[in-house]
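Novice: Pasting a structure here, questions to come.
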Amino acid sequence: MATLAMGRAINMALQDAMSEDETVVVMGEDIAAVGGPFGATRGLLDKFGGARVIDMPISEAGFTGAAVGAALSGLKPVVEIMFMDFTTLVMDALVNQAAKARFMFGGQRSVPMVLRTPHGGGVNAGPQHSQCLEAWFAHIPGLKVVCPSDAHMAYALLRASIQDPDPVVFIENKALYAVKSDVPETMESWPLGHARIVRPGQDVTVVSYGAMVAKAVEAATQLEAESISLEVIDLCTIQPWDQKTVLESLQRTHHLVVAHEAVEAFGVGAEIVARMSDIGFDELDGPIVRVGAPYMPVPFARSLEAAYMPGTEDIIAAVRRTIA
Amino acid sequence: MATLAMGRAINMALQDAMSEDETVVVMGEDIAAVGGPFGATRGLLDKFGGARVIDMPISEAGFTGAAVGAALSGLKPVVEIMFMDFTTLVMDALVNQAAKARFMFGGQRSVPMVLRTPHGGGVNAGPQHSQCLEAWFAHIPGLKVVCPSDAHMAYALLRASIQDPDPVVFIENKALYAVKSDVPETMESWPLGHARIVRPGQDVTVVSYGAMVAKAVEAATQLEAESISLEVIDLCTIQPWDQKTVLESLQRTHHLVVAHEAVEAFGVGAEIVARMSDIGFDELDGPIVRVGAPYMPVPFARSLEAAYMPGTEDIIAAVRRTIA
Amino acid sequence: MKAKTSDQHKILVDLYKGLLLVRRAEESLSSLFADGIVPGFIHLSIGQEAIAVGIGAHLSSEDTVASTHRGHGHALAKGVPLEGFFAEVLGKEEGLCKGRGGSMHVADLSVGMLGANGIVAAGSSIAVGSALAHKTLSRDAIAVVFFGDGALAEGLLHESLNMAQLLALPVLFVCENNGWSEFSPTSKQVSFNLEKWSAAYDVPYMTVNGNDVVAVHETAGKIIAKVRTNQPAVLECQTTRVRGHYEGDPQKYRGSEEFDQLADRDPIRIAATKLLALGVKDQELAAILDHVEREVSGALSAARNGRDPDFESARRDVYTGVGA
Amino acid sequence: MKAKTSDQHKILVDLYKGLLLVRRAEESLSSLFADGIVPGFIHLSIGQEAIAVGIGAHLSSEDTVASTHRGHGHALAKGVPLEGFFAEVLGKEEGLCKGRGGSMHVADLSVGMLGANGIVAAGSSIAVGSALAHKTLSRDAIAVVFFGDGALAEGLLHESLNMAQLLALPVLFVCENNGWSEFSPTSKQVSFNLEKWSAAYDVPYMTVNGNDVVAVHETAGKIIAKVRTNQPAVLECQTTRVRGHYEGDPQKYRGSEEFDQLADRDPIRIAATKLLALGVKDQELAAILDHVEREVSGALSAARNGRDPDFESARRDVYTGVGA
Ligand SMILES: Cc1ncc(C[n+]2csc(CCOP(=O)(O)OP(=O)(O)O)c2C)c(N)n1
Ligand SMILES: Cc1ncc(C[n+]2csc(CCOP(=O)(O)OP(=O)(O)O)c2C)c(N)n1
Ligand SMILES: [Mg+2]
Ligand SMILES: [Mg+2]
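Residue numbers (my numbering), protein chains in the order written: chain A, 427 to 750; chain B, 427 to 750; chain C, 7 to 330; chain D, 7 to 330.
Quick look at the structure:
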């Protein structure tokens, strides 16, 4: 066991993917010589050269569209969009082109591309550099949506995302880049569409992803003292998501909490609740409670952002409410 | 009582709004001399002149951004985006600028603009001219989202949307443009955030909006024969939505179906279910069943699109399942 | 000298055939559309065929083409099979895209046709990416993007031209300038001159009479030679849209003088005149027409006999390899 | 003659004061940032102040300004109150935006400051819309958008310039060309020449040494006179970024020769030299500095004493008039 920061794990996954498959290229702003604003692409230029590590102008729509064309023409582009808020600029390329091409061309060709982008608050980056928009992408047939919770999963899921033949939106919580966690000596890829039970438990299932997973684990630790046992599930892939693992857990615990950093209203949690309260209706011994951000843009000031961010306390409150 | 096509009602609402308030301007592609591809702006140029009825180049991002700047500077722009699929091009203007400006400027100024756009299938317009994306906008704090179900509501809600001080995404199901329905002699505005019980009933509540409302009413008519009584609610406003009306209905019927034309997964219905299965948990005598499109782009061929579109049959099946 | 003449002769005969093929295919679709047999809406390139045909003659099946909503000519000139083309536009299982895309999404990756596109200007970044793949994978191929004059207002085109020039990519940007953007003259939508615009990026620019297939072929030959050295370039083709923006458009916004001039500018008439001047006999021309006629009607009736597409296999094509 | 000199003198003294104000405000923020007191990240305009100051001197509070991530100078030169400015950047309730936006969203609508912006190039369309409002509402005002050289790669800028020219709007496009786009030279990101580019749109263009406040003031005066006649125009200011892209950026990517040249191009030094040449005494300059110094430190300490923003009132400002 070694420990690794999530940013470093992403960097390793990119390196390994590029070593293994010559058609993998990376594209984005300041990703080559500089190695990316968060360092995710550091060293790639030296190792793989400018033909595969491509600095792009500030033309997000243009180079994401280019990635679609490249993916249709034999490359596997991994695009970096510096902040998830900027994915607002690339929605046509992702939604009308990448997501639909395979389907609307009659299955002639897949679009093997990955769009990496950081979301999330906690660093006072303000309303236009913090938003969590994963729910958008999960609503689009043809896209896959992935969000790792730590270094190991970031490596494993990014490898799988790059290997995947379909367009994947790969979301990195920026507060996790510097967070170190244990990783095995050799890391392998983790299949898309499979959740992971991070911590088994009996009383309440907590489904989460990304940075909220650690907070759910923390809630579990705190509630142990009261003999409330949480089963914490890391969704890993948001679309297609692992309904089976969640349902089986619900069948054991009969209580469910869904937690994420994104705004609660119309967020990813809504789908999980809606699905489970349908196929799992007879299993439910209490309401499914969601934890998510309040209905407001991510505010800048330290005190405001701290009040805004959903956390361990909120998960604990949700657990209490579902078993009340 | 007169009867009116929805397209005509929208045209009247624009006319009346522009007559009443000189700061209302309309902007879009081919909306002036031509009156808009769906005729919604017909006659406005003659009546209000080129300074207020403004043809724009094919620059959706640009003119939606301009609408934000205009709204911050004293106008009330009503922007037309020709197909909802093209809103992929204006997400920055809507999400990072319009939605956040009031909040992030400390409440200094509101952004009174409306973005009108048609969604929906049924006319074989294919994968890039049919998508329903309302769930995206409903997830964005600061935006309001409205979707009328017939001519009267289109008039009433568009008037309210233009009067509203905040940015409103106003969604028109294109299959309804030519559909005529009864309207009162004098039409007034209908407040945003208020649902409407279109048809009272006792056994199952069906919540819906846009083109699905008529299908829900049709389902109610058909099920009458079996003495199953549906209460059909037209949501009218998707964000902020009328939780009170829905909850009160659920408290009477104890069964809920939510139906829309958008893809079911991560759609608007998910939020309604999630919310009601939380605050209405104790009221539920059966699972809340959703009706929505399957997880695929909107296909082109007639037979495919017909199979794709959720309809009355699906609502009836959902009703049977929740009371089973 | 004699050899050269007969080469020229052969080339011109082929170009003429190409023109007739597109023309007759579209005229057939036009009457089927009027009869209600073509679903959705279709945009015809009648009057503009010489551009697709003159350029297409220089392209191999490794070269890639990104097209527009008005893409029938581009597809046929790129060599997509006629029957599969018709079957697609008619929404049949035998269509190139299994009837899922229709006229606006005709694609055949096996011959380098990356697809028509429902989003104005979207092809430009797709072509840039395709060219990037050609170059990165050391393919001796170029990418061609067709776009209309109205599309010049889209920011994406600017981003694409800039990227192509920065990265020295083999992309040919072909502007089909027909003076119209839907129902409005493009002069009201585009304030800049394409020649000067290209010069600002230091991108080579040529212009040609887009209704003269010989001129297009010749000029395209020159500029494509440049593009094959990884120098992106712009080719502006002055042309005429004969039909409405889409079929069914009554074109009330066009003056009769404009229509009067169309006959003289008919690409087929222009080509026939040249052929006759080269000594080709009337009968030979008649024989070509006859040949094309039979090809078209054969393909069309085969296509019309096609099956309705299979819904379940469509559903499985949202992601790759989901299997039965 | 004498009057003119003393006018000039007075103007130059005011410009000099303006420069010092921005400089000292930013230097203070720089050290507070190093001490961990400023939340988030800040982009300083040190070395570029003459542009904001020279242009700002021509603007009334009816005129509007749309700014960038590097917007402190634009805000201060537009006349936003210093204390509210500092309080905002520090995330205080007393901030211009109640601490919700921070450095990247400083706005003060009461003086026509439409906001800094976290999205590169977004200000351009906002300015176009603001100018549209000025014109439509017959206000004798113009809109100014500032943007960096890197922003030229964004398609939105192209759309905005085209719209402004088509609609004959009073917008001044100011390019602050500092040669850098984050950590990369802009020469690698923008393939075109702004002068030729403007010419393609027939938009008047001027260029000026952006480090010489007198030159900026003079040139801006001329070009703004044109803009006030509803002729959009481009002003390119050649300038120097002294600090890193953001505070904390070690600038390893810049050579020492570049830094060596910065002192000679310091706008304050250049202005001081001119003032001394006009006969202004050293003491007078010292007195100005002293005055500014006191103003800045007074405002800053007041701002630092501000309160944490109120979360509940922030939440209420998502929509207008939600009330307590
Ligand atoms: C992004 C986008 N905006 C608007 C439209 C609607 N639309 C389809 S074709 C067209 C006009 C295109 O004009 P031009 O590029 O000159 O092509 P032409 O139709 O003349 O061939 C418009 C506005 C669209 N399909 N996509
Ligand atoms: C749409 C968008 N893309 C990327 C960024 C990240 N970013 C912030 S500033 C910047 C460079 C801007 O360069 P320039 O326009 O020259 O302005 P300068 O920083 O030199 O003042 C980038 C890429 C952003 N904020 N918005
Ligand atoms: Mg055209
Ligand atoms: Mg710069």
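Where a beta carbon is used, it is the ideal one built from N, C-alpha and C, also for glycine.
Bear in mind that the values here come from a model prediction, so they are computed numbers and not experimental data.
Only counting runs of 3 or more residues, tell me where the beta strand (DSSP E) segments fall wholly within the stretch 448-532 of chain A, in order along the chain.
Specialist: Within the stretch 448-532 of chain A, the complete beta strand (DSSP E) runs of at least 3 residues are 450-454, 479-481 and 502-506.
Novice: Which residues in the same chain have their Cβ closer than 6 Å to the Cβ of M7/D, if we skip the five residues on either side of it in sequence?
Specialist: Residue 7/D sits at position 1 when you count from the first residue of the fourth sequence. Because the pLDDT of M7/D is 43, which lies under 50, any placement of that residue in the model is unreliable, and the number read from its coordinates should be weighed accordingly. Same-chain partners within the cutoff: there are none.
Novice: Taking the Cβ atom as the reference point for each residue, do A93/C and G312/C lie within a distance shorter than 8 Å?
Specialist: Here residue 93/C corresponds to residue number 87 of the third sequence, with the count starting at 1. Here residue 312/C corresponds to residue number 306 of the third sequence, with the count starting at 1. Contact: yes.
Novice: Quick check on H297/D: buried or exposed, where buried means 16 or more other Cβ atoms within 10 Å of its Cβ?
Specialist: Taking the first residue of the fourth sequence as position 1, residue 297/D is located at position 291. Burial call: exposed.
Novice: Below 7 Å on C-beta distance, what does Q523/B contact in chain D?
Specialist: As a position in the second sequence, residue 523/B is number 97, starting the count at 1. Going along chain D in sequence order, the residues near Q523/B (Cβ under 7 Å) are A128 and I132.
Novice: Starting from the beta carbon of L515/B, find every residue of chain A whose beta carbon is closer than 7 Å, and list them in chain order.
Specialist: One-based indexing of the second sequence puts residue 515/B at position 89. By Cβ distance, chain A contributes D518.
Novice: What residue does the beta strand (DSSP E) around Y211/D start on, and which one ends it?
Specialist: What you label residue 211/D is simply residue 205 of the fourth sequence in a count that begins at 1. Y211 to N215 is the extent of the beta strand (DSSP E) around Y211/D.
Novice: Just to check, is the beta-carbon of D155/C closer than 7 Å to a non-hydrogen atom of ligand 3?
Specialist: Taking the third sequence and counting its residues from 1, one reaches residue 155/C at position 149. Indeed, a heavy atom of ligand 3 lies less than 7 Å from the Cβ.
Novice: Span of the alpha helix (DSSP H) holding A149/C?
Specialist: Along the third sequence, one-based indexing puts residue 149/C at 143. Taken as a continuous stretch (DSSP letters only), A149/C belongs to no alpha helix (DSSP H), being part of the beta strand (DSSP E) at A149 to G154.
Novice: Name, please, each residue of chain C whose Cβ falls closer than 9 Å to the Cβ of A72/D.
Specialist: The count along the fourth sequence starts at 1 and reaches residue 72/D at position 66. Those within 9 Å of A72/D in chain C number zero; the least Cβ separation is about 17 Å.
Novice: Report the residue from E448/A, V639/A, I623/A and G627/A whose alpha carbon sits nearest the alpha carbon of Q669/A.
Specialist: Taking the first residue of the first sequence as position 1, residue 669/A is located at position 243. Of the candidates E448/A, V639/A, I623/A and G627/A, the one whose C-alpha sits nearest the C-alpha of Q669/A is I623/A.
Novice: List the residues of chain C that A586/B touches, going by C-beta distances under 7 Å, in chain order.
Specialist: Within the second sequence, residue 586/B is the residue found at index 160, counting from 1. Within chain C, no residue comes near A586/B; the closest Cβ sits about 30 Å away, beyond 7 Å.
Novice: Kindly list, in the order they appear in chain B, the residues whose Cβ is closer than 8 Å to that of S729/A.
Specialist: As a first step, residue 729/A is located in the first sequence; it is residue number 303 there, counting from the start. The contacting residues do not exist; S729/A stays about 15 Å from chain B at best.
Novice: What residue ranges within the stretch 227-303 of chain C form continuous beta strand (DSSP E) runs of no fewer than 3 residues, ordered along the chain?
Specialist: With a minimum length of 3 residues, the continuous beta strand (DSSP E) runs that stay inside the stretch 227-303 of chain C are 239-244.
Novice: If the cut is a Cβ gap below 7 Å, which residues of chain A does L703/B touch?
Specialist: As a first step, residue 703/B is located in the second sequence; it is residue number 277 there, counting from the start. Looking at the sequence itself, residue 703/B is Ser, so the reference to Leu does not match. What S703/B touches in chain A: V699, S703, P713 and I714.
Novice: How would you list, in chain order, the residues of chain C whose beta-carbon sits under 7 Å from the beta-carbon of Y207/D?
Specialist: Here residue 207/D is taken as the residue at index 201 of the fourth sequence, counted from 1. Under the 7 Å cutoff, chain C gives S197 and F198.
Novice: For W616/A, which of helix, strand or coil comes out of DSSP?
Specialist: Numbered from its first residue, the first sequence carries residue 616/A at position 190. In this structure, W616/A counts as coil in the three-state DSSP scheme.
Novice: Could you compute how far the alpha carbon of F529/B sits from the alpha carbon of G135/D?
Specialist: Position 103 of the second sequence, counted from the first residue, corresponds to residue 529/B. Position 129 of the fourth sequence, counted from the first residue, corresponds to residue 135/D. If I take the Cα positions, the gap works out to 20 Å.
Novice: Do S187/C and ligand 5 come close, with the Cβ less than 7 Å from some heavy atom?
Specialist: You won't find ligand 5 in this model; what it holds is ligand 1, ligand 2, ligand 3 and ligand 4.
Novice: With DSSP run on the structure shown, which of helix, strand or coil describes I742/A?
Specialist: Locating residue 742/A in the first sequence gives position 316, counting from the first residue. It is helical.
Novice: Determine the DSSP secondary structure at V549/A, reduced to helix, strand or coil.
Specialist: Here residue 549/A refers to the residue found at position 123 of the first sequence. It is coil, neither helix nor strand.
Novice: Note down the Cα distance separating K641/A from V724/A, rounded to an integer number of angstroms.
Specialist: Against the first sequence, residue 641/A aligns to sequence position 215. Against the first sequence, residue 724/A aligns to sequence position 298. Computed Cα separation, rounded: 19 Å.
Novice: Decide if T631/A is buried, meaning its Cβ has at least 16 other Cβ atoms within 10 Å, or exposed.
Specialist: Reading the first sequence from its first residue, position 205 is the one you call residue 631/A. Buried: at least 16 other Cβ atoms inside 10 Å.
Novice: Identify whether K75/C lies in helix, strand or coil by the three-state DSSP scheme.
Specialist: On the third sequence, position 69 is the one that residue 75/C refers to. A small correction: the amino acid at residue 75/C is His; Lys does not occupy that position in the sequence shown. In the structure shown, H75/C sits in coil (DSSP, three-state: anything other than H, G, I, E or B).
Novice: Using the rule of at least 16 other Cβ atoms within 10 Å of the residue's Cβ for burial, across every protein chain shown, is F265/D buried or exposed?
Specialist: One-based indexing of the fourth sequence puts residue 265/D at position 259. Counting Cβ neighbours within 10 Å, F265/D comes out exposed, since fewer than 16 surround it.
Novice: Can you have a look at K98/D and say buried or exposed, based on whether 16 or more other CB atoms are within 10 angstroms of its CB?
Specialist: One-based indexing of the fourth sequence puts residue 98/D at position 92. With 16 or more other Cβ atoms within 10 Å, it is buried.
Novice: Should S187/D be flagged as near chain A, meaning a C-beta pair shorter than 8 Å?
Specialist: Counting from one through the fourth sequence, the residue named residue 187/D turns up at place 181. Yes - at least one Cβ of chain A is within 8 Å of the one on S187/D.
Novice: May I ask which residues mark the beginning and end of the beta strand (DSSP E) holding I714/B?
Specialist: Position 288 of the second sequence, counted from the first residue, corresponds to residue 714/B. Unbroken run through I714/B: none, as it is neither H nor E.
Novice: Hey, is N184/D close to ligand 4, as in C-beta under 7 Å from one of its heavy atoms?
Specialist: Residue numbering aside, residue 184/D sits at position 178 when the fourth sequence is read from its first letter. Yes, the beta carbon of N184/D sits closer than 7 Å to at least one heavy atom of ligand 4.
Novice: Should D608/A and T429/A be called a contact, given that it needs their Cβ atoms to be closer than 8 Å?
Specialist: Here residue 608/A refers to the residue found at position 182 when the first sequence is read from its first residue. Here residue 429/A refers to the residue found at position 3 when the first sequence is read from its first residue. Closer than 8 Å, so yes.
Novice: Taking only three categories from DSSP, how would you classify T631/B?
Specialist: Numbered from its first residue, the second sequence carries residue 631/B at position 205. Note: T631/B maps to strand in three-state DSSP.
Novice: Looking at C-beta atoms only, is the number of pairs between the stretch 33-42 of chain C and the stretch 193-205 of chain C that lie closer than 8 Å three or more?
Specialist: No, the stretch 33-42 of chain C does not touch the stretch 193-205 of chain C.
Novice: What separation, rounded to the nearest whole angstrom, lies between the Cα atoms of A128/C and E201/D?
Specialist: As a first step, residue 128/C is located in the third sequence; it is residue number 122 there, counting from the start. As a first step, residue 201/D is located in the fourth sequence; it is residue number 195 there, counting from the start. Those two C-alpha atoms are separated by around 27 Å.
Novice: Would you say T249/C lies against chain B (beta-carbon separation less than 8 Å)?
Specialist: Position 243 of the third sequence holds residue 249/C. Per the sequence shown, the amino acid found at residue 249/C is Arg instead of Thr. Taking Cβ atoms only, chain B never reaches closer than 8 Å to R249/C, which makes this a no.
Novice: Let me confirm a value: P567/B is counted as buried when at least 16 other C-beta atoms fall within 10 Å, else exposed. Which label applies?
Specialist: Here residue 567/B refers to the residue found at position 141 of the second sequence. Buried, since its Cβ has 16 or more Cβ neighbours within 10 Å.
Novice: With 8 Å set as the bound, which would you pick, yes or no: does the beta-carbon of S536/A sit closer than that to a beta-carbon of chain D?
Specialist: Numbered from its first residue, the first sequence carries residue 536/A at position 110. S536/A does not count as touching chain D.
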